[in-house]
Amino acid sequence: MLFGEHTVIQGSQALATPLWRFGGTWQEAPDGSARQYDLPTFLLFLKKLKNEEKIELDTEGVERALEKGFFFNSNIPNGYGAGSSGALVAALFAHFNATQLTDYQSDTLIKLRKTFGIIEGYFHGSSSGFDPLVSYLRKPVWVQRDQKIQVLEALKTDLTLFLLDTHTPRKAEPIIKIFQEKLLNAPYKSGVINDLVPRVDDAIAAFLAQQSQILFEAVHHISLFQQRFFPESVPLSFQNIWLEGLRSDTFKLKLCGAGGGGFILGFSRDWQLTKKILSKSGFSAIQITL
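Right under this line is the structure:
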């Protein structure tokens, strides 16, 4: 997710795109059962949802596949905010859903996103369903303020997007829970609604309009807000480079997913200079291809 982590639940817009360097597929292997990890337990969760008529899924087909040694073979790092659980849910739905998507109408996508959120809740406690939707469609997706969903063909910007690897996998659920608990504080919630949400909307509008200067400024304000109000989401070893980005006119950093570890998302106006600055501080960046 590029923009809208945490805030999409509060009614902000959201914008996400597939990370093309990462992916996963269902595969069968003789030792597949050893690579299924908690998929059998996940299946029990899916059966419960189906029995409660919350989802339509061929859970018997999933069970047969697991018995044959199928597993989800993926190069997406777990706990990195790169959509590993979302990709699993999308692959599961693509293979075992009774009815496949036939149109990109907003109402259809809203229902699909809700279903994905229910399923992905197994991994995070709560989920917007946004990551699995993007993985399933394999296209950029824009959630508007009225929560209507639009599928985009491509995203373009003059800025360079990159990822920093914190080398610290994390679980999203505790971070999400901390954010939800903070929202119980009225001044904190007011700051999110009145300061952060408009900045997220500004960033998305600028991204879609290919207005790089406005986008860069909006990312600066998001980065500043996250540094001040989500300090627990920025690993200690990355706080100095985060602050350097805030002081810099060259690059900015923001959360990638829930935060707390995994990847950090960056935006650069001068990619070569940014790489030099990061390298000098002992960091290496992964450039994102949109």
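Take the sequence shown: its letter number 196 is residue 195 in numbering that gives the first Met the number 0, and every next letter is one higher.
Even for Gly, the Cβ is constructed at its ideal location relative to N, Cα and C.
Quick check for students: name the residue ranges of the beta strand (DSSP E) that lie wholly in the region 154 to 226, counting only runs of 3 or more. Annotation note: the region 154 to 226 contains the following uninterrupted beta strand (DSSP E) runs of length 3 or greater, listed N- to C-terminal: 159 to 164.
Taking tyrosine 135 as the reference, give the member of Trp19, Gly85 and Lys147 with the closest Cα. Selected option, being the one with the closest Cα: Gly85.
Valine 88 and proline 39: beta carbons closer than 8 Å? No, Cβ-Cβ distance for valine 88 and proline 39 is not below 8 Å.
Need the endpoints of the alpha helix (DSSP H) that asparagine 50 sits in, please. 38 to 50
If you draw a straight line from the alpha carbon of isoleucine 203 to that of glutamate 216, how long is it in whole angstroms? Isoleucine 203 and glutamate 216 have their alpha carbons spaced roughly 12 Å apart.
Would you mind sorting proline 186 into buried or exposed? The rule is 16 or more other CB atoms within 10 Å of its CB. exposed
Suppose you measure from the CA of valine 61 to the CA of phenylalanine 122; what does that come to, to the nearest Å? 18 Å
Taking the straight line between their C-alpha atoms, what separation do you get for glutamate 243 and isoleucine 276? 9 Å
Note down, in chain order, each residue of its chain lying with its Cβ closer than 6 Å to the Cβ of tryptophan 19, except the 5 sequence neighbours on either side. Thr288
Assuming contact is defined by CB atoms lying nearer than 8 Å, are leucine 162 and cysteine 255 in contact in what I supplied? yes
Boundaries (first-last residue) of the beta strand (DSSP E) holding alanine 90: Counting along the chain, alanine 90 falls outside any beta strand (DSSP E), though it belongs to the alpha helix (DSSP H) covering 83 to 95.
With 16 as the cutoff for other CB atoms within 10 Å, does glycine 281 come out buried or exposed? exposed
Pair within 8 Å by beta-carbon distance, leucine 214 and leucine 158: Inclusion of leucine 214 and leucine 158 in the CB contact set at 8 Å is warranted, their separation being smaller than that value.
According to DSSP, glutamine 26 sits in a beta bridge with which residue or residues? Phe70
Would you call histidine 251 buried or exposed, if buried means 16 or more other Cβ atoms sit within 10 Å of its Cβ? Per the sequence shown, the amino acid found at residue 251 is lysine instead of histidine. Per the 10 Å Cβ criterion, buried.
Let's see if you can read the secondary structure: which residues bound the beta strand (DSSP E) around serine 232? Taken as a continuous stretch (DSSP letters only), serine 232 belongs to no beta strand (DSSP E), as it is neither H nor E.
Cβ distance (whole Å) where leucine 160 is taken to contact phenylalanine 266 below 8 Å: Right, their Cβ atoms sit about 6 Å apart.
If you drop the 5 nearest sequence neighbours on each side, which residues of the same chain put their C-beta closer than 6 Å to that of threonine 114? Ile54
Three-way DSSP call (helix, strand, coil) for serine 247 in this model: Of the three classes helix, strand and coil, the one that applies to serine 247 here is coil, per DSSP.
Any idea what DSSP makes of serine 126, helix, strand or coil? coil
Per DSSP, cross-strand counterpart(s) of alanine 15: According to DSSP, residue pairing for alanine 15 in a beta bridge involves Val140.
Label histidine 166 either buried or exposed according to how many other C-beta atoms from any shown protein chain fall within 10 Å of its C-beta, with 16 as the threshold for buried. exposed
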